[in-house]
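Asks:
Residue numbers (our numbering): 3 to 667.
(1) Spell out the partners DSSP gives residue 594 in its beta bridges.
(2) Nearest CA to the CA of residue 20: which residue from 142, 100, 47?
(3) Taking the alpha-carbon of residue 409 as reference, which of 336, 352, 277 has the nearest alpha-carbon?
(4) In three-state DSSP terms, what is residue 343?
(5) What does a CB cutoff of less than 7 Å around residue 240 pick up in its chain, not counting 5 residues either side in sequence?
(6) For the stretch 460–472 against the stretch 227–244, are there 3 or more C-beta pairs whose distance is under 8 Å?
(7) Would you call residue 176 buried or exposed, if buried means 16 or more other Cβ atoms sit within 10 Å of its Cβ?
(8) Considering only residues of the same chain and omitting the five flanking positions on each side of residue 404, which have a CB-CB separation below 7 Å?
(9) Leaving out the 5 sequence neighbours to the left and right, which residues in its chain are closer than 6 Å to residue 23 when beta-carbon positions are compared?
(10) In terms of residue numbering, what span does the beta strand (DSSP E) encompassing residue 427 cover?
(11) Check whether the Cβ atoms of residue 329 and residue 635 lie closer than 7 Å to each other.
(12) Can you tell me the Cα-Cα spacing of residue 533 and residue 574, whole angstroms?
(13) So, at 7 Å on beta carbons, what are the nonlocal neighbours of residue 251 in its own chain, with the 5 sequence-adjacent residues on each side left out?
(14) Please go through the stretch 461–491 and give each complete beta strand (DSSP E) segment of 3 or more residues, from N-terminal end onward.
(15) Hey, how far is the Cα of residue 304 from the Cα of residue 297?
(16) Verify whether the separation of the beta carbon atoms of residue 300 and residue 326 is less than 7 Å.
(17) Residues in the same chain with beta-carbon distance under 7 Å from residue 383, minus the five sequence neighbours each way, listed in chain order, please.
(18) Among 145, 186, 137, 174, whose alpha-carbon lies nearest the alpha-carbon of residue 159?
(19) CA-CA distance, residue 69 and residue 119?
(20) Can you give the beta carbon distance from residue 354 to residue 624, rounded, assuming they're within the 8 Å contact cut?
(21) Please go through the stretch 87–130 and give each complete alpha helix (DSSP H) segment of 4 or more residues, from N-terminal end onward.
(22) Got a sec? Which residues, its chain only, sit under 7 Å from residue 455 by beta carbon, not counting five neighbours each side?
(23) Tell me whether residue 579 is buried or exposed, calling it buried when 16 or more other Cβ atoms sit within 10 Å of its Cβ.
(24) Taking C-alpha atoms, which residue in 15, 114, 33 lies nearest to residue 81?
(25) Quick check on the burial criterion: 16 or more other C-beta atoms within 10 angstroms. Buried or exposed for residue 168?
(26) Contact defined as beta carbons within less than 8 Å: I believe residue 386 pairs with residue 322. What is the distance between those atoms, to the nearest angstrom?
(27) Considering only DSSP beta bridges, list what residue 185 is partnered with.
(28) Thinking C-alpha only, which one of 44, 78, 41 is nearest residue 12?
(29) Out of curiosity, what's the CA-to-CA distance linking residue 260 and residue 422?
(30) Looking at residue 671: is its Cβ nearer than 7 Å to the Cβ of residue 417?
(31) Sort out for me which residues DSSP pairs residue 197 with in a bridge.
(32) Does DSSP classify residue 605 as helix, strand or coil?
(33) With DSSP run on the structure shown, which of helix, strand or coil describes residue 59?
(34) Tell me whether the beta-carbon of residue 273 lies closer than 7 Å to the beta-carbon of residue 266.
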């Protein structure tokens, strides 16, 4: 029992033992330095007789054994001592005192082997041994003052927030696997981030410099090509991703059942770009296709419209452009159905454009409100309905864009088993708004064509997804059964909310099955932290008093990866969760690990990359001639059609005259 009486008795015993060690030490000095004591007269006959018998014993007559007995009594006395706990007392200090004490306590014996006088030898030996004894006493008394619990061992709670992760490599013909390392119970362990079902969509969130492309997107693209995926890759900073896809394609194209064609769309280097008509009339089945294409291109040009869908002055220009697209689709079997022709058609005078659109039966209801506003001289309203479309589309009136958009080197049904394709579409951050709108149209038409049954597996990789307008919620929700594997890379969830709408963004991020996040903050970090969930963590409460240190432990659920930790991740460190398959269960779905790459091998591989091939030699004259030809095509169509409408009794009523201006008061 730790009562006051027992504590007092313990102190009495320790004091007795310490005094006993001092007595033994004094006897030790008298016996082994007797000649020095006798020389100065510190002796007596009675004491000499007693000490002579003591010195004849093996225990006290041996210099080493007698000193060992002194140390033993000192050690026992110190063990029973309890000092006041002192946070400033360190193990290094105690070790230094004890080490110095032992060296001096035993090292004094060396003086007996030196040729010194008896008094000098005795004086040095007694002084050194006594000093060593008191150093040992000081060091031993401080042992009880040490705080044995490390109060500052894991100040960032790293060990407590670690958890076991999937260390087994789980592969199948569709999976994407990323080697990584993680910390668990003080050890670095190897593991794998196994995305066994990429068709459930992967949302990749990381701020600038977090390693999205290097550690995830590029390895994912390589694995997709190796496993026989066809691809649509949106390359935000052309040609960072395109050259990776191209060189991997060259290496593995023979492994495909039917080798796909490789196509590139970029608007800066026309010689290395294929031409593709996103409004291919053969791929447009009904008016809804024209409406979707119109919405995609106009909202891509006016991103604020994404939050105003359905409003009068947003719906009107969308309907108007859709009518122009469908008119060219119906005219001569779509021979002139391209976006450049649509842009030039929009620029025709109303007196010519409205009769031409009205001559197509399914466009009468769409054109009627515009004709009424024109005839009723509501020109301000009409301009409000149509001018926003004209102004936006006029931004695309460029010879370079016209050249790419008016050709037809390939179609956008990239996962067609009979004609598979790998398509890389490049953007330029310096021309984001213009190029982004056109790429949005390509993406919209592509998604309409690939999200169908009976196709082959297809990867859809969107780097910096918010830079284009391409709603993916429907594709993610329904594309799994059609073997569509989207990878959506963003810098933050707030970006999606800004460029689309909060509702669309929340739907998209909530239905993605695989979440991978690098360094990010705000709502993005909070969403990822909550998605990973909580784990059982041990909490310690430490109380230090004069004689003892008490520790109480309890467990509680807390976030495995807190928001603050996600906000401070290093490049290449990713956290998140993965989805599994019914027949391929993954017990440990959450991960917090550092993705590993062989930097030397990657550098060697990149140094050996082949440049993108030249598709054709394009001259400025060719581009300008194409631009002029498109303008002439529309002029010819307007002249021919207006003549036909005037001479057709069933259509001549569509001819309208420009209303006279109201007289000024």
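Built from N, CA and C at the ideal position, the CB exists for glycine as well.
Replies: Checking against the coordinates, here is how it stands:
(1) 577
(2) 142
(3) 277
(4) helix
(5) 268, 428, 429, 430
(6) yes
(7) buried
(8) 342, 628, 629, 632
(9) 72, 75, 76
(10) 423–428
(11) no
(12) 20 Å
(13) 227, 264, 424
(14) none
(15) 10 Å
(16) no
(17) 375
(18) 186
(19) 23 Å
(20) Actually they are not in contact, since the Cβ atoms of residue 354 and residue 624 sit about 30 Å apart, beyond 8 Å.
(21) 93–109
(22) 484
(23) buried
(24) 15
(25) buried
(26) So it is not a contact: roughly 12 Å between Cβ atoms.
(27) 190
(28) 78
(29) 7 Å
(30) Nothing about residue 671 can be reported from this structure: the residues present for the chain run from 3 to 667 only.
(31) 178
(32) helix
(33) coil
(34) no
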